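Residue numbers (the working numbering): 18 to 218.
From the three backbone atoms N, C-alpha and C, an ideal C-beta is built for every residue, glycine too.
Given the structure is predicted, the values throughout are model-derived calculations rather than measurements.
Just below is one structure, and these are the notes that go with it.
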Ligand SMILES: Cc1cc2nc3c(=O)[nH]c(=O)nc-3n(C[C@H](O)[C@H](O)[C@H](O)COP(=O)(O)O)c2cc1C
């Protein structure tokens, strides 16, 4: 994707919220940086707990890659809290049911939820990567509404048809789908060609 702002690197706002699956966010940020996107990273309190539990990392460590700026989730004066500040896309990865419910209810009480409401009001790309099993009815209804209102609901549900051999392969599957949504020309994972299952004579 060409940056929405002429002459600038494309910029994504990425929020790591309190659902399991912090690894998806780590890999997403690595991929965005590799593809020369700048990233504004928001980590919620429970997001930081999961980042530590699952990846043994702090938000500052995650933000140490070139081109990544760590935002304070409590700072409602940060760049992505304003519609006048341009960014190309907002990805909530992983997205907790709480954050999803708040966004669908129009609540913007922290930078993660405010940035989503800004993306929606400015008609920018909003990608939500939920992780929960099973889903509760309120969260399903919230996701249905968000989808109707233009958000992409891209669950952290990797496919198995490409014979994954490692957790990294499963993570890559989901990250590849997010990059597809961002129109990033990437080579993560193997794409289905249609020739994997031979036709019977
Ligand atoms: C270790 C841990 C794992 C969690 N996993 C999930 C999860 O997979 N999905 C989910 O929707 N909530 C999960 N939660 C609950 C959320 O973290 C909780 O609802 C929290 O309020 C989310 O706030 P946030 O969206 O501001 O991060 C988990 C909480 C903890 C402590």
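Can you determine whether any heavy atom of ligand 1 sits closer than 6 Å to the C-beta of residue i, and answer yes or no?
i, result
"residue 97", "no"
"residue 140", "no"
"residue 36", "yes"
"residue 57", "no"
"residue 115", "yes"
"residue 64", "yes"
"residue 213", "no"
"residue 148", "yes"
"residue 61", "yes"
Just grab the DSSP bridge partners of residue i for me.
i, result
"residue 138", "Its beta-bridge partners do not exist; DSSP assigns none."
"residue 147", "112"
"residue 59", "32, 88"
"residue 107", "30, 143"
"residue 117", "According to DSSP, which records beta bridges pairwise, residue 117 is partnered with nothing at all."
Helix, strand or coil for residue i? Go by DSSP, reduced to three states.
i, result
"residue 205", "coil"
"residue 19", "Here the model assigns residue 19 a pLDDT of 41, short of 50, so the residue's position is not dependable, and the following value carries that caveat. Residue 19 falls in the coil class under three-state DSSP."
"residue 169", "strand"
"residue 218", "coil"
"residue 156", "helix"
"residue 100", "coil"
"residue 126", "coil"
"residue 200", "coil"
"residue 72", "helix"
"residue 177", "coil"
"residue 213", "coil"
"residue 48", "helix"
"residue 40", "helix"
When you compare the region 133-150 with the region 32-47, are there three or more beta-carbon pairs, one atom per stretch, that lie closer than 8 Å? yes
Can at least three beta-carbon pairs, one atom from the region 128-143 and one from the region 103-117, be found at a separation below 8 Å? yes
Counting pairs of Cβ atoms below 8 Å between the region 176-188 and the region 153-166, do you hit three or more? no
Assess contact between the region 41-52 and the region 75-88, defined as three or more Cβ pairs (one per stretch) separated by less than 8 Å. Is contact present? yes
Closer than 8 Å is the cut-off here; do at least three beta carbon pairs connect the region 58-76 with the region 190-209? no
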